[in-house]
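Just so we're aligned: the sequence shown equals residues 19 to 152 in this note's numbering. Working notes, beginning with the structure itself.
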Amino acid sequence: MLRDLVMGNQKMVVAILLILALPIVDLVLLFRVGKYIGFWRTLGLVFGTALLGVALLALQGFGVYRKALNELGAGRIPKNQVIDGLLIVIGAVLILLPGPMADVAGFVLLFPLTRWPVRGAVLRWIEQYIYINI
Numbered sequence: 019m020l021r022d023l024v025m026g027n028q029k030m031v032v033a034i035l036l037i038l039a040l041p042i043v044d045l046v047l048l049f050r051v052g053k054y055i056g057f058w059r060t061l062g063l064v065f066g067t068a069l070l071g072v073a074l075l076a077l078q079g080f081g082v083y084r085k086a087l088n089e090l091g092a093g094r095i096p097k098n099q100v101i102d103g104l105l106i107v108i109g110a111v112l113i114l115l116p117g118p119m120a121d122v123a124g125f126v127l128l129f130p131l132t133r134w135p136v137r138g139a140v141l142r143w144i145e146q147y148i149y150i151n152i
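Okay, here's the thing in structure tokens:
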């Protein structure tokens, strides 16, 4: 029975394994960085990236909110801004987690230049599964 469940949901199993493995790899990397540069510098790096992430969340989040209001005022659905807002929140959460891989992924989602390809992929994925008739 378990084999049938796993074989039928291979993508889900891979996603769960990645979700479980990435934090472990991130912590191992963090400990290695700590061994190389020292505990206090590593702690400063963790808190520094967290503070930078919060500042970027405020700046980027406010900008996306303003653009969404402009789209709504023009009578258009702010789909790009909604996806951007979601990606910004996910990016901020990733930056608040300790670890270099989470920080890199978080910064990718917080900067508009690196966020737009991710937004395009998310929109394509949503359009595959959701049809909206307006």
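Just so you know, even glycine gets a beta-carbon here, dropped at the ideal spot from N, CA and C.
Item: So is residue 135 buried or exposed if we call it buried at 16+ other beta carbons inside 10 Å?; Value: exposed
Item: Does DSSP put residue 95 in a helix, a strand or coil?; Value: coil
Item: Skipping 5 residues on each side, what residues in its chain have a beta carbon closer than 7 angstroms to that of residue 64?; Value: 116
Item: Classify residue 74 as buried or exposed, calling it buried when 16 or more other Cβ atoms lie within 10 Å of its own Cβ.; Value: buried
Item: Buried or exposed, going by whether 16 or more other CB atoms sit within 10 Å of the CB of residue 133?; Value: buried
Item: Using a Cβ distance threshold of 8 angstroms, determine whether the segment 100-119 contacts the segment 25-44, with at least three qualifying pairs required.; Value: yes
Item: Answer yes or no: do residue 104 and residue 72 have a C-beta to C-beta separation smaller than 9 angstroms?; Value: no
Item: Please confirm whether residue 101 and residue 148 have their CB atoms less than 9 angstroms apart.; Value: no
Item: Please name the residue, chosen from 128, 137, 146, that lies closest to residue 70 on a Cα-to-Cα basis.; Value: 128
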